[in-house]
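There are 2 protein chains.
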Amino acid sequence: MEFHLASDDGTPIYRQIMTQVQHMIASGRLRPGDQMPSVRALASQLLVNPNTVGRAYKDLEAMGLIEPRQGSGTIVAEGGSPLARSEKRRIIIGRIDALLVEARQLGFSIEEVKNLMDKRDAAMGTKRTA
Amino acid sequence: MEFHLASDDGTPIYRQIMTQVQHMIASGRLRPGDQMPSVRALASQLLVNPNTVGRAYKDLEAMGLIEPRQGSGTIVAEGGSPLARSEKRRIIIGRIDALLVEARQLGFSIEEVKNLMDKRDAAMGTKRTA
DNA sequence: TCAAGTGTATTAAACTTTTAAGACATTAAG
DNA sequence: CTTAATGTCTTAAAAGTTTAATACACTTGA
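See the structure below:
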């Protein structure tokens, strides 16, 4: 399970964790019944305090996305159906808009961005598991 | 000048203000020499403390995006970002990688992302003042 | 039973963010 | 000059975030 905390805009860590889990569930990479990484394991992986992960898990539980099992771990909840295509589209468009604005500010044309995307995608693709 | 603070992910207010201004400059809605809203006026509009806006303006000035004029207001700075091309490239590649990861998680192919990018870029272009 | 791993909880401290009230020098307009 | 508006600064307090060191009850597997 790959997590990455990269946001440099001051977003609290526990919020970033929540967003990651939400998106993983939305995309189907985490499915109902799947085991979540333990609080301590994820904290260790992210080099973060266990309480911070616990905070994220607690809020995700309140949202009904995950279910803690005392003693054993935490699993993805049943009702947590993947987001509708329209919702996924709304999310990705927000990211794209942000990238376009950033690119324009930095002086990159859309063609340059798309070329860079191809290169980066090819580099990432070599690591793909499926 | 329309500002809106909507982010519900715990992002600090002054960061949201900075992002808004950056995007307005990037999109051409704010051009070099334009008057920025005063610290107090923007604070009043956003129902936020003047110090919070001041913090955002101070950081934006440090980035070279705006220039304070003692006594009169604050204007959008001339000239572009002082960053070197290599530095700009490093930044934009980071954004692209994040977008690719997100897109993959949400189930979008790179072709779909590039198509959406073209559409969004065209939509933004119509608002440009050129 | 025993040990290890699990989620949860408490208490405390450090740090960041935001609000608050006020002050100062500078600028523009009357 | 006077007045009002500007950016900037100080001090303080409140709130939120993160880390830290524990502790507890529960579950699993040996």
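Protein chains in written order, with our numbering: chain A, 1334 to 1463; chain B, 1334 to 1463.
In this text, a Cβ means the ideal position worked out from N, Cα and C, and glycines have one as well.
Note that the structure is predicted; figures quoted are calculated from it, not measured.
- Interface criterion not met: the Cβ of residue 1336/B is under 8 Å from no Cβ in chain A.
- What residue 1453/B touches in chain A, judged by beta-carbon distance under 7 Å, is 1426, 1429, 1430 and 1433, going in chain order.
- Taking the CA atoms as reference points, residue 1377/B sits about 43 Å from residue 1361/A.
- Of all residues in the stretch 1345 to 1366 of chain B, only 1345, 1348, 1352, 1355, 1356, 1358, 1359 and 1360 come within less than 8 Å of chain A when Cβ atoms are compared, listed by chain position.
- Nearest CB-CB separation between residue 1393/B and chain A: not below the 8 Å threshold.
- Residues of chain A with a Cβ closer than 8 Å to the Cβ of residue 1443/B are, in chain order, 1450, 1451 and 1454.
- In the DSSP secondary-structure assignment, residue 1407/B is bridged to 1401/B.
- Chain-order list of chain A residues neighbouring residue 1386/B: empty, with the shortest C-beta distance near 16 Å, by a criterion of under 7 Å.
- Comparing alpha carbon positions, the residue from 1447/B, 1389/B and 1440/B closest to residue 1357/A is 1440/B.
- Taking the CA atoms as reference points, residue 1431/A sits about 18 Å from residue 1448/A.
- In terms of CA proximity to residue 1364/A, 1334/A leads the group 1419/A, 1385/A, 1346/A and 1334/A.
- Rounded to whole angstroms, residue 1344/B and residue 1342/A show a C-alpha spacing of 7 Å.
- Taking every protein chain shown into account, the CB of residue 1452/B has fewer than 16 other CB atoms within 10 angstroms, so this residue is exposed.
- Listed along the chain, the chain B residues whose CB falls inside 8 Å of the CB of residue 1446/A are 1425, 1429 and 1450.
- Interface flag for residue 1397/A against chain B is unset, since no Cβ pair is found closer than 8 Å.
- The beta carbons of residue 1389/B and residue 1351/B sit closer together than 8 Å.
- Residue range 1418 to 1439 is occupied by the alpha helix (DSSP H) that includes residue 1427/A.
- The beta-carbon of residue 1410/B is placed no less than 8 Å from the nearest beta-carbon of chain A.
- Using a CB distance cut-off of 8 Å, residue 1436/A counts as an interface residue toward chain B.
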